[in-house]
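Colleague: Please see the structure below; I have some questions.
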Amino acid sequence: MARRRMVYEGKAKILYEGPEPGTLIQFFKDDTTAGNGEKHELIEGKGVLNNRLSEHFMTGLASIGVPTHFIKRLNMREQLVRAVEMIPLEVVVRNVAAGSMSKRLGIEEGTQLPRPIIEFYLKNDDLNDPIVSEEHIIAFGWATQQDLDDMVSLGLRVNDFMSGMMMGVGIKLIDFKIEIGRAFEGDFQRLIVADEISPDSCRLWDVETGQKLDKDVFRRDLGNLSEAYTEVAKRLGVMPRQNGSNDGPKLVH
Ligand code: TMP
């Protein structure tokens with residue numbers, strides 16, 4: 001097969017040119033990083049799990065009318081997505097205090113928040129993705145006021161959907177991060193959910209035991225990451241074949 005043109009390589013994914021204009025192929029790597037790449041390991045099968053899980057979440061979101069970049073899964077590690085102009089922000093939605101918010105504000109991890117809290121972080125590795133306010137975003141032109149309103153609305157809809165889906169399998173959605181892109185449709189444009197939604201970008205705690213089933217297992221050396229992600233996939237009924245026999249370019253529906 002002719003080698004495809006790589007468009008972008010990130011820490012956990014690669015984007016290739018897609019088969020049609022306006023499409024990209026998103027490849028999920030096994031690379032697992034934390035602390036802006038300071039900690040880095042290859043965790044076999046993680047990319048396969050995240051490809052499946054992101055497909056599951058994005059398809060579910062589309063079914064309730066939340067627009068996403070996902071078109072279809074192509075194989076074990078790749079999915080076809082719409083090309084979008086990425087907004088250079090990470091949108092974090094929190095239901096329970098944890099991670100950087102607990103550290104920054106001294107709020108004990110596990111404290112239920114009175115309502116979902118939305119934060120914006122500037123995507124800039126050199127600056128370690130600093131938290132930014134809406135004032136910064138508007139003043140520096142990273143997004144418009146309308147974009148901000150749309151991002152808040154998307155974040156809350158994703159939160160409600162994902163919280164319900166996870167609660168249905170005994171998992172509490174503590175927080176998550178999404179990235180959003182601008183899709184152009186003729187003379188119109190709208191914001192859609194892009195990138196991935198997976199246990200790499202969520203905090204997921206077992207409702208009964210509090211066991212962490214997300215990337216904190218890796219960040220904090222709490223055990224076997226692929227076992228944790230496999231548990232999430234199993235509970236959701238999303239299990240890839242284990243023998244890799246499906247690891248070819250076959251299209252799936
Ligand atoms: P934080 O507590 O470290 O700010 O993370 C909040 C949520 O966002 C958590 O679910 C992990 C996710 N996240 C990412 O997916 N990528 C990132 O670069 C960061 C900082 C957080």
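Under full-length UniProt numbering, the first residue of the sequence shown carries the number 1, and numbering increases by one thereafter.
A virtual CB, placed ideally from N, CA and C, is assigned to each residue, including glycine.
Is any heavy atom of the ligand TMP found at a distance shorter than 6 Å from the C-beta of Val207?
Modeller: Residue mapping note: residue 207 aligns to position 207 of the sequence shown, counting from 1. Not so, every heavy atom of the ligand TMP lies at least 6 Å from the Cβ.
Colleague: Would Ser63 be called buried (16 or more neighbouring beta carbons within 10 Å of its own) or exposed?
Modeller: As a first step, residue 63 is located in the sequence shown; it is residue number 63 there, counting from the start. Answer is exposed; the Cβ neighbour count stays below 16.
Colleague: Is the Cβ-Cβ distance between Ile118 and Gly60 less than 7 Å?
Modeller: The residue given as residue 118 occupies position 118 in the sequence shown. The residue given as residue 60 occupies position 60 in the sequence shown. Going by C-beta atoms, Ile118 is not nearer than 7 Å to Gly60.
Colleague: For Ser198, verify whether its CB is less than 6 Å away from any heavy atom of the ligand TMP.
Modeller: Working through the sequence shown from its first residue, we reach residue 198 at position 198. False, no ligand heavy atom lies under 6 Å from that Cβ.
Colleague: Does the beta-carbon distance from Glu78 to Ile25 come in below 7 Å?
Modeller: The sequence position of residue 78 within the sequence shown is 78, counting from 1. The sequence position of residue 25 within the sequence shown is 25, counting from 1. Going by C-beta atoms, Glu78 is nearer than 7 Å to Ile25.
Colleague: Taking its Cβ as the centre, do 16 or more other Cβ atoms sit within 10 Å of Phe184, making it buried, or is it exposed?
Modeller: Here residue 184 refers to the residue found at position 184 when the sequence shown is read from its first residue. With fewer than 16 Cβ atoms within 10 Å of its Cβ, Phe184 is classed as exposed.
Colleague: Which class does Phe218 belong to by DSSP, given the choice of helix, strand or coil?
Modeller: One-based indexing of the sequence shown puts residue 218 at position 218. In the structure shown, Phe218 sits in a helix (DSSP, three-state: H, G or I).
Colleague: I need the DSSP call for Gly164, collapsed to helix, strand or coil.
Modeller: Indexing the sequence shown from 1 puts residue 164 at position 164. Of the three classes helix, strand and coil, the one that applies to Gly164 here is helix, per DSSP.
Colleague: Can you look up Ile197 in the DSSP assignment and give me helix, strand or coil?
Modeller: In the sequence shown, the residue the question calls residue 197 occupies position 197. Here Ile197 sits in coil by DSSP.
Colleague: Suppose the cutoff is 7 Å on Cβ atoms and the five residues either side in sequence are ignored; what does the same chain contact list for Cys27 look like?
Modeller: Working through the sequence shown from its first residue, we reach residue 27 at position 27. At residue 27 the sequence reads Phe, which differs from the Cys that was named. Contacts found: Lys13, Ile14, Tyr16, Arg77 and Glu78.
Colleague: Determine the burial state of Glu179: buried for a count of at least 16 other Cβ atoms within 10 Å of its Cβ, exposed for fewer.
Modeller: By one-based count along the sequence shown, residue 179 stands at place 179. By the neighbour-count rule (16 or more Cβ atoms within 10 Å), Glu179 is buried.
Colleague: Can you grab the Cα-Cα spacing for the pair Ile192 / Asn51, in whole Å?
Modeller: Against the sequence shown, residue 192 aligns to sequence position 192. Against the sequence shown, residue 51 aligns to sequence position 51. Each residue's alpha carbon lies about 18 Å from the other.
Colleague: Gly244 by DSSP, collapsed to three states: which one?
Modeller: As a position in the sequence shown, residue 244 is number 244, starting the count at 1. Summary for Gly244: the model assigns pLDDT 48, below 50, so the residue's position carries little reliability, and this model does not support an answer.
Colleague: Would you identify the three-state DSSP class for Lys46, choosing helix, strand or coil?
Modeller: The residue you call residue 46 lines up with position 46 of the sequence shown. Lys46 falls in the helix class under three-state DSSP.
Colleague: DSSP puts residue 256 in a beta bridge; with which residues?
Modeller: In the structure as shown, the chain starts at 1 and stops at 253, and residue 256 therefore has no counterpart that could be examined.
Colleague: Could you check what DSSP says for Met239 in three-state terms: helix, strand or coil?
Modeller: Here the question's residue 239 lines up with position 239 in the sequence shown. The answer is coil: DSSP assigns Met239 none of H, G, I, E or B.
Colleague: So for Ala97, helix, strand or coil by DSSP?
Modeller: If you number the sequence shown from 1, residue 97 lands on position 97. Per DSSP, reduced to three states, the secondary structure at Ala97 is coil, with no helix or strand assignment.
Colleague: Tell me the DSSP secondary structure of Gly155 in three-state form.
Modeller: The residue you call residue 155 lines up with position 155 of the sequence shown. Gly155: helix per DSSP, three-state reduction.
Colleague: Under DSSP, the beta strand (DSSP E) around Thr19 begins and ends at which residues?
Modeller: Along the sequence shown, read from residue 1 onward, the residue named residue 19 stands at position 19. The residue you asked about is not Thr; residue 19 is Pro in the sequence shown. For Pro19, no beta strand (DSSP E) encloses it, and the DSSP letter there is neither H nor E.
Colleague: So within the region 70 to 130, which uninterrupted alpha helix (DSSP H) runs reach at least 4 residues, ignoring any that extend past its ends?
Modeller: Qualifying alpha helix (DSSP H) stretches, in chain order: 99 to 105.
Colleague: Can you round the beta-carbon distance between Gln181 and Ile87 to whole angstroms, since I take them to be within the 8 Å contact cut?
Modeller: Here residue 181 corresponds to residue number 181 of the sequence shown, with the count starting at 1. Here residue 87 corresponds to residue number 87 of the sequence shown, with the count starting at 1. The amino acid occupying residue 181 in the given sequence is Gly; Gln does not appear at that position. With a Cβ gap of about 7 Å, Gly181 and Ile87 count as contacting.
Colleague: Could you check where the beta strand (DSSP E) with Glu179 kicks off and where it finishes?
Modeller: Looking up residue 179 in the sequence shown gives position 179. That run of the beta strand (DSSP E) goes Ile171 to Glu185.
Colleague: Assuming the contact rule is C-beta atoms closer than 8 Å, Ile43 and Leu222 should be a hit. Round their C-beta distance to whole Å, please.
Modeller: As a working mapping, residue 43 is identified with position 43 in the sequence shown. As a working mapping, residue 222 is identified with position 222 in the sequence shown. Not a contact, Cβ separation roughly 13 Å.
Colleague: What's the gap between the Cα of Val207 and the Cα of Pro114?
Modeller: Taking the first residue of the sequence shown as 1, we reach residue 207 at position 207. Taking the first residue of the sequence shown as 1, we reach residue 114 at position 114. The alpha-carbon atoms of Val207 and Pro114 are separated by roughly 19 Å.
Colleague: Nearest by alpha-carbon distance to Arg190: which of Asp126, Arg82 and Gly237 is it?
Modeller: As a first step, residue 190 must be located in the sequence shown, where it is residue number 190. Checking every option, the nearest Cα to that of Arg190 belongs to Arg82.
Colleague: Do Glu196 and Ser100 have their CB atoms nearer than 7 Å?
Modeller: The residue you call residue 196 lines up with position 196 of the sequence shown. The residue you call residue 100 lines up with position 100 of the sequence shown. Contact: no.
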